[in-house]
Amino acid sequence: MRHKYLLLSALLPLCAFSQSNLSTDTMIFSEQPAGKHSVVHSYSNESVLPNQESTVERSIDFPTQIIRISSSLKDQQVDCDQVNLIIDKILIQNITPDKFTYNIYIVCEYDPETNFAIDFKLHSYFDPINDKAVEYLKSYLSEYNGADFLGTKLNIESAKGLVISLNIIAGFKKNPNTPPFLEYRKDRNNFYFKSNYEMKNKLIADIYQNFFSNDPDVILPFINKWFYTYADTIYKAVLRDANYVELQPERIFLMESGNEIFVSDLKYYFIHNCNKYENKRCLEQGSLTEETSL
Numbered sequence: 077m078r079h080k081y082l083l084l085s086a087l088l089p090l091c092a093f094s095q096s097n098l099s100t101d102t103m104i105f106s107e108q109p110a111g112k113h114s115v116v117h118s119y120s121n122e123s124v125l126p127n128q129e130s131t132v133e134r135s136i137d138f139p140t141q142i143i144r145i146s147s148s149l150k151d152q153q154v155d156c157d158q159v160n161l162i163i164d165k166i167l168i169q170n171i172t173p174d175k176f177t178y179n180i181y182i183v184c185e186y187d188p189e190t191n192f193a194i195d196f197k198l199h200s201y202f203d204p205i206n207d208k209a210v211e212y213l214k215s216y217l218s219e220y221n222g223a224d225f226l227g228t229k230l231n232i233e234s235a236k237g238l239v240i241s242l243n244i245i246a247g248f249k250k251n252p253n254t255p256p257f258l259e260y261r262k263d264r265n266n267f268y269f270k271s272n273y274e275m276k277n278k279l280i281a282d283i284y285q286n287f288f289s290n291d292p293d294v295i296l297p298f299i300n301k302w303f304y305t306y307a308d309t310i311y312k313a314v315l316r317d318a319n320y321v322e323l324q325p326e327r328i329f330l331m332e333s334g335n336e337i338f339v340s341d342l343k344y345y346f347i348h349n350c351n352k353y354e355n356k357r358c359l360e361q362g363s364l365t366e367e368t369s370l
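Positions in the sequence shown are counted from 1; adding 76 to them yields the numbering used here.
Written out as structure tokens, the structure is:
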């Protein structure tokens, strides 16, 4: 399946993001293409580091909450602005960045002749970031889960777990913002986490701490840890020639009922553009001298 890659600067006119430190130097977004007559909104604070979200750690184990709704609106006689206002009132205004890590993707398709909405799709996953937010979420679910919602029911499900299919791709890119991308090496590994919250505190935190480095004592142990032992023996040479690395944590949520997996239509990946370094490569020159002297 081909994804449409959009840098943040291109994504902003289409999507509304919460205030966070998103950067085109470190992140790239991928979304499923919407139809020509569609209005797309997305809200995410996924780029915020786990330890920035709350000064109090969460001690209560709680599953990631999933919304995966698609429904016809042909009998509703509402336009997409009204649809988004309803979603904003019920979801956006309640799932706020002071309480949750969230990713919300909304597509509303409309009839160009009448401007009435034809159907909508809502994909979301979110986690409470502290114990107070867990209690707030329980109250929110009690009030809204199963409620009437745009001609259907608002069904908020608990994910059983999360599988991360983690891909690393290293290579050369003449222009970091446009294709082509000459791949030198690609590897993948899979991991299981109880929730997206746990994954962020383990994998994502480690990515922010160690992935964006050209120091061999930092980046090579990171690759060993998350891919396979002795990967450094391969990536030492690969990163010396590469000027661009992508890290793609594909989220696959395991569900209790209905479709057994859920994958959001809005994803984000990490990019390390190494042209900022003096040697314009993803491993500093010192490592070459050290190996040559052995």
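Just so you know, even glycine gets a beta-carbon here, dropped at the ideal spot from N, CA and C.
- Using a C-beta cut-off of 8 angstroms, the stretch 255 to 263 makes contact with the stretch 309 to 329, since at least three inter-stretch Cβ pairs fall below that distance.
- Per DSSP, residue 274 is one residue of the alpha helix (DSSP H) stretching across 272 to 275.
- DSSP, read as helix, strand or coil, puts residue 160 in helix.
- By alpha-carbon distance to residue 151, the top candidate from 164, 196 and 333 is 196.
- A Cβ-Cβ separation of about 6 angstroms places residue 359 in contact with residue 292 under the 8 angstroms criterion.
- Around the beta carbon of residue 306, fewer than 16 other beta carbons lie within 10 angstroms, which makes this residue exposed.
- The three-state reading of DSSP puts residue 134 in coil, since its state is none of H, G, I, E or B.
- Excluding sequence positions up to five before and after residue 225, its CB lies within less than 8 angstroms of the CB of 145, 162 and 166, all in the same chain and listed in chain order.
- Judged by DSSP secondary structure, residue 298 falls within the alpha helix (DSSP H) whose first and last residues are 292 to 302.
- Annotation: the continuous beta strand (DSSP E) that includes residue 203 extends over 193 to 204.
- Note that the C-beta distance between residue 164 and residue 193 is not below 7 angstroms.
- For residue 316, the enclosing alpha helix (DSSP H) covers residues 308 to 317.
- Annotation: residue 186 to residue 298 spans about 46 angstroms, alpha carbon to alpha carbon.
- The three-state secondary structure of residue 358, taken from DSSP, is coil.
- Relative to residue 114, the option among 135, 160, 339 and 175 whose CA is nearest is 160.
- Judged by DSSP in its simplified three-state form, residue 122 adopts coil rather than helix or strand.
- Per DSSP, residue 320 is one residue of the beta strand (DSSP E) stretching across 320 to 330.
- Per DSSP, the beta bridge partners of residue 265 are 242.
- Listed as beta-bridge partners of residue 178 by DSSP are 202.
- Per DSSP, residue 236 lies in no beta strand (DSSP E) and is assigned neither H nor E.
- In this structure residue 329 touches residue 238 by the C-beta definition: roughly 6 angstroms separates them, less than 8 angstroms.
- In this chain, the beta strand (DSSP E) harbouring residue 147 covers 141 to 148.
- By a beta-carbon distance limit of 8 angstroms, residue 140 contacts residue 235. Their separation comes to about 4 angstroms.
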